[in-house]
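**Q**
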Amino acid sequence: ALAARVGRGPFEVGDDAALAALILRCRDEPAFVERLCEQGRRRAPLFAPEREREALLQLVQSLAPFGPVGRLA
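When we follow the working numbering, the leftmost residue of the sequence shown carries the number 18, and every step to the right adds one.
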């Protein structure tokens, strides 16, 4: 569920130069960091444990060949 909703990040996996540039930008632009933090705060409810649990349950149920699966504890 998390990976399906996150989408693309600020740099490609394995792109060390892009990661370094992002780190430098965070160091040099406090307003950029604040925007990132605000975006994270707005998206946080998408990754609440209840939502992740429900998404996992739906995935398991979609894969279960012999009927519904009970709720996860």
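From the three backbone atoms N, C-alpha and C, an ideal C-beta is built for every residue, glycine too.
Being a predicted model, the structure only gives us computed values, none of them experimental.
What first and last residue would you give for the alpha helix (DSSP H) that runs through residue 30?
**A** Residue 30 -> no alpha helix (DSSP H), and no H or E assigned at all.
**Q** May I ask you to report which of helix, strand or coil DSSP gives residue 46?
**A** Coil at residue 46, not helix or strand.
**Q** Does the ligand ADP have even one heavy atom less than 7 Å from the beta-carbon of residue 36?
**A** What this structure holds is no ligand at all, so the ligand ADP is not there to describe.
**Q** In angstroms with no decimal places, state the Cα-to-Cα distance between residue 43 and residue 53.
**A** Residue 43 and residue 53: Cα-Cα distance of roughly 9 Å.
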